[in-house]
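A short worksheet on the structure shown next.
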Amino acid sequence: KSPPPTGWRRTVHTIIFETDTQLGKIFDIVLLIAILLSVAVVMLDSVEAIRADPEYHTALLTAEWIFTVLFTIEYILRILCVQRPVRYIFSFFGVVDLLAILPTYLLLFPAIERSHSLTTIRALRLLRVFRIFKLARFLSEATALKQAIWAARAKVGVFLTTIVIVVVIMGSAMYVIEGTRPDSGFTSIPQSMYWAVVTMTTVGYGDITPETPLGKFLAAIIILIGYSMIIVPTGIISAELSKPHKYIPTQVCPHCMHEDHAPDAKFCNQCGNPL
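Numbering (my numbering), first residue to last: 28 to 302.
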């Protein structure tokens, strides 16, 4: 077991993993801007007209390497300043950080780009978009939303169960009504249930449509049910969001990387080490 971070490692850990310090906030803002810019570079690089221009392509490639070097330095610092590097490396964000820089380094191997048998590996370059997942670190509101959804899970479960029941009943009824026609698209109950879902969500692809008066009447009923049900999950989540939620922690234990601590906690509630 490695010793807890001290000296410069402790300072770097506070800056990178904590958001309740001035330097930590500055680091998060700078990193957020870098992530947004890097994602913009990836998006622009996917536009054929821009990528085909040598001047733009060179500029985008240079920017990509600059961001890759910056994220590589950040990734190395995160590994160096935690007590258990292996735990961070195999954590969700550790894997995301690695995927954010790995595809660019694959460009250093021309054989990967030119080999016909390995052309599919070029798709790894798209994994650079995974950087955007790191934005979740800076959105404290995301934690409040997660808490609201979790608190309303029973109500949401009942709502989804009701939707499934309605879809099964309406799909079966539509199959009975429209399935007797020789040219009907309602060829089975699952196919009719698919139509019910599309209709209830007011998407309406139009690939399957009722032709009989009774079928059209039932379709109108499903549409009205769909409109009335759209507001239900919104109301459930809004009611939970309006309630006061617990303190959103910002302290990260340098020993076990646990985050859920009380605002006045002096020790980690998981490993017992001092924060």
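Glycine is no exception: its CB is placed at the ideal position from the N, C-alpha and C atoms.
Test item: CB-CB of residue i and residue j under 8 Å
i, j, result
"Phe160", "Val123", "yes"
"Thr33", "Thr41", "no"
"Ala223", "Ile249", "yes"
"Tyr202", "Ile192", "no"
"Thr131", "Glu91", "yes"
"Leu125", "Tyr102", "yes"
"Gly198", "Ser219", "yes"
"Ile204", "Met227", "no"
"Ile190", "Phe213", "no"
"Arg111", "Ile43", "no"
Cα-Cα separation, residue i to residue j
i, j, result
"Ser269", "Lys173", "13 Å"
"Ile257", "Ile263", "11 Å"
"Gly299", "Ala292", "11 Å"
"Thr89", "Leu302", "40 Å"
"Arg254", "Gly206", "It is worth fixing the name first, because residue 254 is Tyr in this sequence and not Arg. Roughly 26 Å between the two C-alpha positions."
"Gly121", "Ala246", "49 Å"
"Thr85", "Leu135", "15 Å"
"Arg36", "Leu87", "34 Å"
"Ser73", "Ile100", "26 Å"
"Asp210", "Ala171", "51 Å"
"Phe54", "Val183", "38 Å"
"Val195", "Ala79", "51 Å"
"Ser294", "Glu45", "The sequence shown places Phe at residue 294, not Ser. If I take the Cα positions, the gap works out to 15 Å."
"Leu187", "Val259", "10 Å"
"Arg114", "Ala179", "32 Å"
"Ile62", "Phe117", "21 Å"
"Leu129", "Val69", "14 Å"
"Phe98", "Leu64", "12 Å"
"Lys52", "Val279", "14 Å"
"Arg309", "Pro240", "Outside the shown range of the chain (28 to 302) lies residue 309, about which nothing can therefore be said."
Paired residues, beta bridge with residue i - DSSP
i, result
"Pro217", "Partner(s): none; Pro217 has no beta bridge."
"Phe294", "Pro301"
Local conformation of residue i per DSSP, three classes
i, result
"Phe117", "coil"
"Ser211", "coil"
"Glu45", "coil"
"Phe136", "coil"
"Cys108", "helix"
"Ser65", "helix"
"Ala179", "coil"
"Glu238", "coil"
"Ser73", "coil"
"Val203", "helix"
"Gly233", "coil"
"Lys173", "helix"
"Asp55", "helix"
"Ser269", "coil"
"Gly34", "coil"
"Thr89", "helix"
"Ser142", "Any reading at Ser142 must be qualified, since the residue scores a pLDDT of 46, below 50, and its modelled position is unreliable; no value is offered."
Cβ of residue i within 8 Å of any chain D Cβ
i, result
"Phe294", "The question asks about chain D, but that chain is absent: this structure has only one protein chain."
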